[in-house]
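Working notes, beginning with the structure itself.
Residue numbers (our numbering): 191 to 399.
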């Protein structure tokens with residue numbers, strides 16, 4: 191899958207191992223999610239377009255590259271995706287932030303939209319969709335569908351942990367987007383949880399049960 195990047199950086203792998211540990215508390219878990227998102231974002235944003243602008247240094251005036259075009263859009267899938275936003279904003283503080291709210295049917299595990307708010311003009315922006323867990327792929331596929339329906343074109347999807355089933359589903363549904371995964375786990379269990387995974391990312395980020 192040419193459009194899929196699975197990270198092997200030691201820092202990312204180390205921090206994901208800390209995330210997995212059930213003894214890792216809410217505050218540390220939240221910080222780790224942000225740090226991993228920033229490390230992944232550094233690589234995921236390497237193809238942002240540049241343009242030369244005039245800058246006056248203490249020595250002279252020069253032409254030097256800066257990010258071109260409309261500001262980046264970060265679009266977390268609520269609610270766990272929110273945990274990754276500050277990591278991206280640390281790299282690109284001027285980025286705009288949208289939100290997509292989905293809930294999963296407990297019986298069918300299929301996603302349903304309850305909220306969608308995207309920065310305008312979305313079609314002129316590089317869009318980074320964040321969700322720490324890519325499990326069945328249903329929410330990811332639905333979120334990208336909504337963004338495309340609103341005119342989004344240049345879309346990247348960032349997930350810290352993915353199951354093979356979800357990665358395959360997202361890739362097949364949207365072969366034109368770039369997918370970034372921190373670690374590819376073994377499988378989904380019968381309850382559609384990633385194994386070995388890290389539990390419920392939203393609960394662990396926000397300290398809820």
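The beta-carbon is built from N, C-alpha and C at its ideal position, and this holds for glycine as well.
A residue is called buried once 16 or more other Cβ atoms fall within 10 Å of its Cβ, and residue 370 is buried on that count. Judged by pairs of C-beta atoms under 8 Å, the stretch 207-218 does not touch the stretch 232-247, as fewer than three such pairs exist. Between residue 283 and residue 273, the CB-CB gap reaches or exceeds 9 Å. By the CB criterion at 9 Å, residue 359 and residue 326 fall inside the cutoff. With the rule of 3 Cβ pairs closer than 8 Å, the stretch 321-337 counts as touching the stretch 346-358. As computed with DSSP, residue 347 is found in a beta bridge with 319 and 369.
Excluding residues up to 5 positions away in sequence, 316 lie with their Cβ nearer than 6 Å to the Cβ of residue 344 in the same chain. Note on geometry: alpha-carbon atoms of residue 309 and residue 275 lie some 15 Å from one another. Per the DSSP secondary-structure output, residue 263 pairs in a beta bridge with 286 and 317. If only complete runs of 3 or more residues are kept, the stretch 211-285 shows the beta strand (DSSP E) at 240-246, 251-257 and 263-268, in order along the chain.
Nearest Cα to residue 277 within the set 297, 228 and 252: 228.
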